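Heads up, the sequence shown is in our numbering, so the first residue is 1 and it goes up one at a time. Data block below; observations after.
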Amino acid sequence: MRRSLVLTDDSARHSFLASLPPHVRKGEAAQAARPWLRITKEDWTGFLTAYIGCFVAVSIFIA
Numbered sequence: 001m002r003r004s005l006v007l008t009d010d011s012a013r014h015s016f017l018a019s020l021p022p023h024v025r026k027g028e029a030a031q032a033a034r035p036w037l038r039i040t041k042e043d044w045t046g047f048l049t050a051y052i053g054c055f056v057a058v059s060i061f062i063a
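Structure follows, in structure tokens:
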């Protein structure tokens, strides 16, 4: 893979982030303000659906 020459940003804290152009890195501050763990109703329903599906499949396999 060939990468074009990009000036580095010393405040980036990571070598890969330092090599990215500024227009790509400008979304970094908005993502840092978000909390790390936010569980929504959709996450819970997806988890419960998968859990119940696996439980039923294992129960049928054992029976």
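Each residue gets a CB set at the ideal place from its N, CA and C atoms; glycine is no exception. Quantities reported herein were computed from a predicted structural model and do not represent experimental measurements.
- Under the three-state reduction of DSSP output, His23 falls in the helix class.
- With respect to Leu37, Arg25 sits apart: the two C-beta atoms are not nearer than 8 Å.
- Just so you know, the alpha carbons of Val56 and Lys41 end up roughly 22 Å apart.
- Residue state for Ala50 is assigned as helix, using DSSP reduced to three classes.
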